[in-house]
Amino acid sequence: MELRAKLTVCIASLTGIVIFCTSLLVWHTYSTSYNDKRTDLAYRELAGYLQLSSQTFRAFKQIRRDLMFDEREISFDLNKLEKSIFYTVGQIETEATAEAEVGLREDEDDDDVERIDILSQELKAAFTDVRTALAMIASGQEAEGREFLSTSLKQRVDGTIDKTFQSAIADEKNEVATALAEIEQINRIEFWVAIGAATLAFLFAGIALYVIAYPVSIGFSHLKNGARLFASGRLDHRIPITGNDELATLSKRYNTMAQQLQDQRAELEYARASLEHRVTERTEQLRIANDRLKRRDSMRTLLFADIGHELRTPITAVRGEAEVALRTRKNQRDAYRAALERIIAATDQLTRFINDIFLIARQEAGVLDMRQSRLNLKIPIRSAIEQTHACAVENMAAIYTNLPECEAQIKGDAQRICQFIQILIGNSIHHSPDPVNITVSLQQEKGNWLLSVEDDGPGISAEQTDQVFERYYRGPTQGEGKSAHGTGLGLPIAKSIVEAHGGRIWISKRQTTGMRVTAAFPAFTADPAHARHAKHEEEAA
Numbered sequence: 014m015e016l017r018a019k020l021t022v023c024i025a026s027l028t029g030i031v032i033f034c035t036s037l038l039v040w041h042t043y044s045t046s047y048n049d050k051r052t053d054l055a056y057r058e059l060a061g062y063l064q065l066s067s068q069t070f071r072a073f074k075q076i077r078r079d080l081m082f083d084e085r086e087i088s089f090d091l092n093k094l095e096k097s098i099f100y101t102v103g104q105i106e107t108e109a110t111a112e113a114e115v116g117l118r119e120d121e122d123d124d125d126v127e128r129i130d131i132l133s134q135e136l137k138a139a140f141t142d143v144r145t146a147l148a149m150i151a152s153g154q155e156a157e158g159r160e161f162l163s164t165s166l167k168q169r170v171d172g173t174i175d176k177t178f179q180s181a182i183a184d185e186k187n188e189v190a191t192a193l194a195e196i197e198q199i200n201r202i203e204f205w206v207a208i209g210a211a212t213l214a215f216l217f218a219g220i221a222l223y224v225i226a227y228p229v230s231i232g233f234s235h236l237k238n239g240a241r242l243f244a245s246g247r248l249d250h251r252i253p254i255t256g257n258d259e260l261a262t263l264s265k266r267y268n269t270m271a272q273q274l275q276d277q278r279a280e281l282e283y284a285r286a287s288l289e290h291r292v293t294e295r296t297e298q299l300r301i302a303n304d305r306l307k308r309r310d311s312m313r314t315l316l317f318a319d320i321g322h323e324l325r326t327p328i329t330a331v332r333g334e335a336e337v338a339l340r341t342r343k344n345q346r347d348a349y350r351a352a353l354e355r356i357i358a359a360t361d362q363l364t365r366f367i368n369d370i371f372l373i374a375r376q377e378a379g380v381l382d383m384r385q386s387r388l389n390l391k392i393p394i395r396s397a398i399e400q401t402h403a404c405a406v407e408n409m410a411a412i413y414t415n416l417p418e419c420e421a422q423i424k425g426d427a428q429r430i431c432q433f434i435q436i437l438i439g440n441s442i443h444h445s446p447d448p449v450n451i452t453v454s455l456q457q458e459k460g461n462w463l464l465s466v467e468d469d470g471p472g473i474s475a476e477q478t479d480q481v482f483e484r485y486y487r488g489p490t491q492g493e494g495k496s497a498h499g500t501g502l503g504l505p506i507a508k509s510i511v512e513a514h515g516g517r518i519w520i521s522k523r524q525t526t527g528m529r530v531t532a533a534f535p536a537f538t539a540d541p542a543h544a545r546h547a548k549h550e551e552e553a554a
């Protein structure tokens, strides 16, 4: 028999015992409450009758004493006495009403009402007779008044009222005795039923202990020992519980779990070794990244020194030219003109540097001024080549193009893109030995136009590839007679222009020698009218 079935039988039996005991308790509680309330109301009503009897007989005894022995008035307030007595009558009537509302002594409710009515009527009549006797005595009929009062009180107080009090008091005492007897009987029944229930529960507990508790205790002991050994790492242990009940099933699952944990432990050991290897790799990558950050921090530390150096040179030149011109005594006009021309050249250099810094700052702040319009990339490419032609000739550089026949439509600023191409061509010229061949190519790939500028110079190392887009970084110059050129802001500006157009830029080495800089611009599909307009612009250019 399965443990579940045993527990079901046990729980059902316990439920039956509990329901029986609960029903007995409810019955006992209800009966006791009923009889307690019955006794309480009977005691209250009895106390009311006793109090009323005491007040009534004491009051009328005093009235007899005052009026029957040559007195013309009573020694207390008759109205106040009457009010007090009828207040007690009202309390008795209230208790009787409460007794009737809760359904106690329904067969005697009419007798209570009748007794209270008789008492009220007789007491009212007695007080009326007292006032009548007082009026007769006050009018001079003393003997007649006393005789009338004596007859009335004997008939009413000593007769009807006294009998009513005795009947009511006897009835209430009998009610109290009956209620107490019923309570005692209920307690006796409850006692013997409780003894029987306790005996039955004891027998049931012994059977349950033998049939359920002992096997379960042994099974849980095996499970506890197995769990302890599993927790200590003894996954080769197996729990020795047999049978078809739930504990046997649970032990089998524990044993299966231990086997699975053994297998997983082997897998975890392998995974840990693999993870340690990966952590080692990531640590090395972090070290490289940290070294890179340190280099960039060093670059930021030198930022102000570089800016001061770049600004100091043209400013010093301007000041020097002005001082030289002021000290000149001969041919002052020619000297002033030459000085102003040199000052203009220095201020042009200073203006270009400041504009470059502002362009990068505005792009990083997201406020770079771009005239976004549809344009054909071939137009700014040809314009940039034309504007750098003189510099290329001077440095013996040859510029070639590899452009598609179709239009390369994007949405952007033609002047900025022209500036971008000029920067890339200028870098190839000034960082390559003479002569150098430069190729500007354009091709479409996955919704982007790829604009590339490549040369056959010496190229750059992998470490320099990560540095060339940093501010103020200047790569080595190549070629005899070439000195350090520029401010180190060319490629950072080029990157800012590309990112402002929603594109990206990267550097790759050619298969042989040289370097290729590629920028990806999102392609734009123009409508037919705009395509014709762009074609006319290209032909005009």
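Under my numbering, the first residue of the sequence shown is numbered 14, with each subsequent residue one higher. For each residue, glycine too, the CB sits at the ideal point set by N, CA and C.
**Prompt:** Skipping 5 residues on each side, what residues in its chain have a beta carbon closer than 6 Å to that of residue 334?
**Reply:** 352, 355 and 356
**Asked** Under the DSSP definition of a beta bridge, which residues are partnered with residue 468?
**Response** DSSP output for residue 468 lists 451 and 528 as bridge partner(s).
**Prompt:** Are there three or more Cβ pairs, one per stretch, closer than 8 Å when the stretch 465-474 is compared with the stretch 516-533?
**Reply:** yes
**Asked** Tell me, which residues are paired with residue 535 by DSSP?
**Response** Looking at the DSSP assignment, residue 535 forms a beta bridge with 461.
**Per DSSP, the bridge partner or partners of residue 519** = 531
**Request:** Quick one: using the 10 Å Cβ neighbour count with 16 as the cut-off for buried, is residue 444 buried or exposed?
**Result:** Buried, since its Cβ has 16 or more Cβ neighbours within 10 Å.
**Asked** Between which two residues does the beta strand (DSSP E) containing residue 389 stretch?
**Response** 386-389
**Message:** I'd like to check one pair, residue 251 with residue 268: are the Cβ atoms closer than 8 Å?
**Reply:** yes
**Asked** Are at least three pairs of beta-carbons, each pair with one atom in the stretch 149-156 and one in the stretch 50-64, less than 8 Å apart?
**Response** Output reads no: the stretch 50-64 does not touch the stretch 149-156.
**Prompt:** Straight-line CA distance for residue 78 to residue 201?
**Reply:** 54 Å
**Message:** Considering Cα atoms alone, identify which of 177, 111, 160 and 95 is closest to residue 130.
**Reply:** 177
**residue 254 - DSSP class collapsed to helix/strand/coil** = coil
**Request:** Could you check what DSSP says for residue 154 in three-state terms: helix, strand or coil?
**Result:** coil
**Beta-carbon spacing of residue 433, residue 358 below 8 Å** = no
**Request:** Quick one: using the 10 Å Cβ neighbour count with 16 as the cut-off for buried, is residue 528 buried or exposed?
**Result:** buried
**Message:** Quick check on the DSSP output: what are the complete alpha helix (DSSP H) runs of length 4 or more inside the stretch 146-209, in order along the chain?
**Reply:** 155-168
**Request:** In the DSSP assignment, find the unbroken beta strand (DSSP E) run with residue 425 in it and report its ends.
**Result:** 422-425
**Message:** Less than 8 Å between the beta carbons of residue 453 and residue 398, yes or no?
**Reply:** yes
**Cβ neighbour criterion (16 or more within 10 Å) applied to residue 514** = buried
**Prompt:** Excluding the five sequence neighbours on either side, which residues of its own chain have a C-beta within less than 6 Å of the C-beta of residue 146, listed in chain order?
**Reply:** Cβ within range, chain order: 158, 161 and 162.
**residue 299 versus residue 306 - alpha carbon distance** = 10 Å
**Request:** Spell out a yes or no on whether the stretch 189-197 and the stretch 31-49 are touching, meaning 3 or more CB-CB pairs, one atom from each, closer than 8 Å.
**Result:** Yes, the stretch 189-197 is in contact with the stretch 31-49.
**Prompt:** Which residue comes first and which comes last in the alpha helix (DSSP H) that contains residue 510?
**Reply:** Unbroken alpha helix (DSSP H) run through residue 510: 503-513.
**Asked** Would you call the CB atoms of residue 57 and residue 135 closer than 8 Å?
**Response** no
**Request:** Using DSSP bridges, identify the partner residues of residue 414.
**Result:** Note: residue 414 sits in a beta bridge opposite 453.
**Message:** So, for residue 303: in the same chain, excluding its five sequence neighbours on each side, which residues have a beta-carbon less than 6 Å away from its beta-carbon?
**Reply:** none
**Request:** Let me know the secondary structure DSSP gives residue 396 once reduced to three states.
**Result:** helix
**Asked** Mapping DSSP to helix, strand and coil, what is residue 61?
**Response** The DSSP-derived three-state label of residue 61 is helix.
**Helix, strand or coil at residue 441 according to DSSP, with G and I counted as helix** = helix
**Item:** Three-way DSSP call (helix, strand, coil) for residue 344 in this model
**Value:** coil
**Prompt:** Would residue 253 be called buried (16 or more neighbouring beta carbons within 10 Å of its own) or exposed?
**Reply:** exposed
**Message:** Going by DSSP in three states, residue 270 sits in which element: helix, strand or coil?
**Reply:** helix
**Item:** residue 90 (DSSP reduced to helix, strand or coil)
**Value:** coil
**Message:** Given a cut-off of 8 Å on the beta-carbon distance, is the pair residue 128 and residue 72 in contact?
**Reply:** no
**Asked** What's the call for residue 431, buried or exposed, on a 16-neighbour Cβ count within 10 Å?
**Response** buried
**Item:** Outcome for residue 344 when other beta-carbon atoms lying within 10 angstroms are tallied against a minimum of 16
**Value:** exposed
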